[in-house]
Amino acid sequence: MLEDLTVGNETPTESNNTASGQPISSPRPAYASKLPELEETVVEVADGTVESIPFSLKEKMNFFDMSQVKSIQDHLQDEVDKIRSMRNELEDLKRETLKLSRIRSEQSTTGLYQNQCFRNLEAQLDSLKEELQTESELRGRVESELKTVLEDLTFYKNASKSDADERRMREIREHYESLLEQHRDGTLRGDKLERIAMHSVRNGGNNRNEVENKRPDVELMDTEQFDHKLKRDYLDAIDIIKKLESNLSDLQERYDASCQMAKESFQKVSESIELAKTAADERDAATLAQSNAEHELNRLQKVIEKLVDEAGQRTAEEVEKERIKQEHEIETLKSAQTKAGQCENIQPGKLDPRLESALQRAHCAEQQRDELKLRLETAETSFERNLATKQSEIQKLQEEVKSLKERLEYAESQRNTMEERFKRQLEALSLAENQALEAKRQANAAQRSALQQVLTANQTVELNNVESKRRIEAMDKANQTSVQRWQEMLTKQHTLAAQWRSEAEHLAEQMEEQGIALRGALEKERSRVDQLRKQIASLEHQRKAEVSSLIDY
1 MLEDLTVGNE
11 TPTESNNTAS
21 GQPISSPRPA
31 YASKLPELEE
41 TVVEVADGTV
51 ESIPFSLKEK
61 MNFFDMSQVK
71 SIQDHLQDEV
81 DKIRSMRNEL
91 EDLKRETLKL
101 SRIRSEQSTT
111 GLYQNQCFRN
121 LEAQLDSLKE
131 ELQTESELRG
141 RVESELKTVL
151 EDLTFYKNAS
161 KSDADERRMR
171 EIREHYESLL
181 EQHRDGTLRG
191 DKLERIAMHS
201 VRNGGNNRNE
211 VENKRPDVEL
221 MDTEQFDHKL
231 KRDYLDAIDI
241 IKKLESNLSD
251 LQERYDASCQ
261 MAKESFQKVS
271 ESIELAKTAA
281 DERDAATLAQ
291 SNAEHELNRL
301 QKVIEKLVDE
311 AGQRTAEEVE
321 KERIKQEHEI
331 ETLKSAQTKA
341 GQCENIQPGK
351 LDPRLESALQ
361 RAHCAEQQRD
371 ELKLRLETAE
381 TSFERNLATK
391 QSEIQKLQEE
401 VKSLKERLEY
411 AESQRNTMEE
421 RFKRQLEALS
431 LAENQALEAK
441 RQANAAQRSA
451 LQQVLTANQT
461 VELNNVESKR
471 RIEAMDKANQ
481 TSVQRWQEML
491 TKQHTLAAQW
501 RSEAEHLAEQ
511 MEEQGIALRG
521 ALEKERSRVD
531 QLRKQIASLE
541 HQRKAEVSSL
551 IDY
């Protein structure tokens, strides 16, 4: 009757489907393959001069496109709005089902079938509610993941070349400022060495030239050590990021596969639920028709048996009375004949025609009794034939009920197996999600540590304002789409309610037609019984007339 949802999960374009639900697959973060590869600055100091290699990015800066961030935000908001709209639709459907249950409970003729239908609808609504809860949980997880990704992606929103050049200049400026600070530290150390050398000269030493030669060597060693340390840190960060990217890609593939398996399982579960619903509806209809037919057949059988018994008893009593009367008349005639034979004045030929006419009448009465017996036997045989045909129909209905029960049991077993498979797939999906979250956290931590070592720029207020405006626009669009979807679902709900009302009316009409047909059959049987009674009454009238005529004679 009802379905699409799926424990299931749906994409934004699947709001018009039934049963069932399909899981969403979280988009792979775009920053995993577009991390900027940074190079460090190499500074060489020789003979007191500082020559610097410019701090640059590797070949090109691959920053993120702002459209990707906006599309992710729109997708996330659409999913959230869709979950809310589906919850509202579920509540509206519950209200409509309650109203329909109140309306249909007033109809006494189709009460059993309607109660079963409403039970099926309530079970379907509960399953849809569970699927929506699981879908909301999954989408909440995806939403939290996307929020973490968006927080990281906000750092790369200034994707234009001018912004990249400005950032590069800031990085170079900051790097040279750090080098100048280190140079100042080196000069302070050189001053200390000069003081030591002056002290040694005052003491009579000649080591000033050696100290001046050592000063640039110390600065060169410090810069080389700093350069090597920075290179090592950068290479370690790149290796960690590559490993995390590979792990993230593997986990993403596993997550997509598990989502596909969950989608297939949702489809199979919805199909099994539909089969179970159809089988249950057919079984209920068959049992209801069988019970009605058995009840009507038993009632008609009792009525016919009662009428046949009454007619048989009456005919037997009347035949017995008529036989007794005829025998009594024959005996009286015989006695009269014997007396008449003794009398000489009365001629014997005059009494013989009266005796013959009485015998003929008795013979006609016996023939009528035999005809009535034959009619009773034919009525009994026709009744037995009708009973045999009804019993064959009942056996067929029982066989159909058995087959429907077997189909229902098979569908329930299939549903149980699909539920077990779905639970296993959900467990695997949760494990894959946890692994993906851990990998993403590790990747985020490594990226943040690497970017904190190399990049020190922050967001500007203007970009935040622009982003807030974009989010507001996206929210407005999402609200408009949600309102449209809500209106569409309301129209669909009204159509479903109209269909249910039409089905209830159609069922009521069918039951009324069956009642009318059974009443017509009962009227036919009653008319036949009335005809038999009339025939019996006419026979009684004839017999009374004959008896009165005999008495007159």
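UniProt numbering puts the first residue of the sequence shown at 1, with every later residue one more than the last. Ideal Cβ positions, reconstructed from N, Cα and C, are used throughout, including at glycine.
Pair within 7 Å by beta-carbon distance, residue i and residue j
| i | j | result |
| --- | --- | --- |
| M489 | E130 | no |
| D74 | A432 | no |
| E96 | A497 | yes |
| residue 554 | D81 | The requested residue 554 does not occur in the structure, where the chain is confined to residues 1 to 553. |
| Q425 | M261 | yes |
| R361 | E546 | yes |
| R485 | S144 | no |
| L372 | E282 | no |
| R543 | E322 | yes |
Whole-number beta carbon distance between residue j and residue i, since they are thought to touch under 8 Å
| i | j | result |
| --- | --- | --- |
| T417 | D78 | Not quite, the Cβ-Cβ distance comes to about 34 Å (not below 8 Å), so this is no contact. |
| L539 | Q368 | 6 Å |
| residue 572 | V401 | Lying before the first or after the last residue shown, residue 572 is absent from the chain, which here runs from 1 to 553. |
| I273 | R470 | 42 Å between Cβ atoms; not a contact. |
| residue 572 | L408 | Lying before the first or after the last residue shown, residue 572 is absent from the chain, which here runs from 1 to 553. |
| A303 | E525 | One detail in the question is off: residue 303 reads as Val in this sequence, not Ala. Confirmed, Cβ separation roughly 7 Å. |
| residue 556 | R314 | Limits of the chain in this structure are 1 at one end and 553 at the other, which puts residue 556 out of reach. |
| I394 | E305 | Not quite, the Cβ-Cβ distance comes to about 18 Å (not below 8 Å), so this is no contact. |
| E329 | L532 | About 28 Å; that fails the 8 Å criterion. |
Original post:
What runs of the alpha helix (DSSP H), each 4 residues or longer, lie entirely inside the stretch 380 to 448?
Top reply: Counting whole runs of 4 or more residues, the stretch 380 to 448 contains no alpha helix (DSSP H) stretch at all.
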